[in-house]
Amino acid sequence: MSAYHTPVMVDEVVSALRVKASGKYIDCTTGEGGHSLAILEAAKPPPSILCLDVDAEALQTARRRLEAYGDNATLRRANYREVAAVARENGFAGADGLLLDVGLSSLQLDKGERGFSFRHDAPLDMRFDVSQAVAASEIVNGYEEGALADVIYRYGEERRSRHIARAIVRSRPVRTTTELAEIVSRSVGRRRGRIHPATRTFQAIRIAVNDEFDNIHRGLAGAIETLGAEGRLAVITYHSLEDRIVKSALRLQAAECICPPSAPECVCEHEPTVRLVNRRVIKPSAGEIRANARSRSARLRVAERINQKQTNYPYPLP
Ligand SMILES: C[S@@+](CC[C@H](N)C(=O)[O-])C[C@H]1O[C@@H](n2cnc3c(N)ncnc32)[C@H](O)[C@@H]1O
330 MSAYHTPVMV DEVVSALRVK ASGKYIDCTT GEGGHSLAIL EAAKPPPSIL CLDVDAEALQ
390 TARRRLEAYG DNATLRRANY REVAAVAREN GFAGADGLLL DVGLSSLQLD KGERGFSFRH
450 DAPLDMRFDV SQAVAASEIV NGYEEGALAD VIYRYGEERR SRHIARAIVR SRPVRTTTEL
510 AEIVSRSVGR RRGRIHPATR TFQAIRIAVN DEFDNIHRGL AGAIETLGAE GRLAVITYHS
570 LEDRIVKSAL RLQAAECICP PSAPECVCEH EPTVRLVNRR VIKPSAGEIR ANARSRSARL
630 RVAERINQKQ TNYPYPLP
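Put into structure tokens, the structure is as follows:
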């Protein structure tokens, strides 16, 4: 097994982005640099790439791996919700392609002390950006019971959310991942199937800690704004809630009309900013899933910039 996070659907991403010699690309979620490296290797002379991540530790590894490409790789610690501004500052406005590979990396999941996994006993952290003030502990121990239940329901699709929130509030202070997993398991009871009873609750708290859905909304708008004519955007997600956000945001951007269905005639004068390159979502091959089980839930969507109008879709999305 590689010492690094195994990038998902690399060939599909490189071909979706139509990587070209001397092109300009942005990897919004560089992680350990697997996709960035593949983009740099895909054309000669190599393209230039702006590599973003909020995780300073991941960027350090990426920096080492991309070193051989010198000035062709520019690394910046930044949240991709700011991609439009960061691209402008670094000469990447009008880019040929952007990649978002959202969520967390194997490095983060496997590093017990980061607190992402109930398989390691660690303080409740779950921050991608360790300089951020709010960690999982603030949510688990600080949210009022109803708000905690809402997080677990909305971001984890957990039907037993109220029950779990009550059990957590009664057990406060909850200090570690193991304690949290035990509280959730006791209140949910044993489930059939392979998934651990605390999986959904951990996912929900991680999404809330990192404000992941709002970042995706804003990141997509910024990414489209940053693309040059016929530039391509590739987005990989890992669960249905994320994919739904991407699917509806891209459909909205691609729509000729965004009037409510009840409107008797079109009054929106909406102009599409992208075209959808693949109507059906792209999934990893059976071979890739065999080689890397963590790729199995990955879904890739691709869009192409079709005009340089301001991307002014209504925010937040309907
Ligand atoms: C699935 S991993 C990417 C792996 C990468 N493609 C590779 O080949 O190694 C997702 C990465 O996105 C980063 N990330 C998550 N949210 C972010 C955000 N809002 N802005 C920038 N990076 C973010 C995480 O820190 C993590 O390193």
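According to the working numbering, the sequence shown is numbered sequentially starting from 330. A virtual CB, placed ideally from N, CA and C, is assigned to each residue, including glycine.
8 Å contact criterion, which Gly557 and Asp425 should meet: CB distance rounded | The pair is a contact, with the Cβ atoms about 6 Å apart (cut-off 8 Å).
Asp454 in three-state terms, based on DSSP = Three-state DSSP puts Asp454 in coil, outside helix and strand.
Starting from Asp572, follow the alpha helix (DSSP H) in both directions and report where the run begins and ends.
-> In this chain, the alpha helix (DSSP H) harbouring Asp572 covers 569 to 583.
Is the beta carbon of Val653 within less than 6 Å of some heavy atom of ligand 1?
-> This structure leaves residue 653 out entirely; the chain is present only between 330 and 647.
Cβ atoms of Arg604 and Glu559: under 7 Å apart, would you say?
-> In this structure, Glu559 sits away from Arg604, with a CB-CB distance that is not shorter than 7 Å.
Give the C-beta separation of Ala533 and Ile481 to the nearest angstrom, bearing in mind that I take them to be a contact with Cβ-Cβ under 8 Å.
-> Ile481 and Ala533 do touch by the CB rule: their CB atoms are close to 5 Å apart, below 8 Å.
Who does Glu633 pair with in a DSSP beta bridge?
-> DSSP, once it has assigned bridges, lists Arg561, Arg604 as partnering Glu633.
Should the stretch 358 to 373 be regarded as contacting the stretch 510 to 520, the criterion being three or more beta carbon pairs within less than 8 Å?
-> Verdict: no, contact absent.
Roughly how many angstroms lie between the CA atoms of Tyr409 and Arg580, to the nearest whole one?
-> Using only the alpha carbons, I get a separation of about 21 Å.
Decide yes or no for the touch test of the stretch 346 to 363 against the stretch 416 to 425: beta carbon pairs closer than 8 Å, at least 3 of them.
-> Counting Cβ pairs under 8 Å, three or more are found: they touch.
Should Tyr484 be counted as a contact of ligand 1 given a C-beta to heavy atom distance under 6 Å?
-> Remark: the shortest separation between the CB of Tyr484 and any heavy atom of ligand 1 does not fall under 6 Å.
Counting along the chain, where does the alpha helix (DSSP H) carrying Ile524 start and finish?
-> Premise fails: Ile524 is in no alpha helix (DSSP H) and is neither H nor E.
Should Glu487 be labelled buried (16 or more other beta-carbon atoms within 10 Å of its own) or exposed?
-> It is buried - the Cβ of Glu487 has at least 16 other Cβ atoms within 10 Å.
Residues near Tyr644 by beta carbon distance below 6 Å, same chain, minus five either side | Unreliable placement is indicated for Tyr644, whose pLDDT of 47 sits below 50; the coordinate value is still reported in the next sentence. The beta carbon of Tyr644 sits closer than 6 Å to none of the beta carbons in its chain outside the five residues before and after it.
Starting from the N-terminal side, write out each stretch of the alpha helix (DSSP H) that is 4 residues or longer and does not extend beyond the stretch 448 to 498.
-> Here the runs fully enclosed are 465 to 471, 474 to 485.
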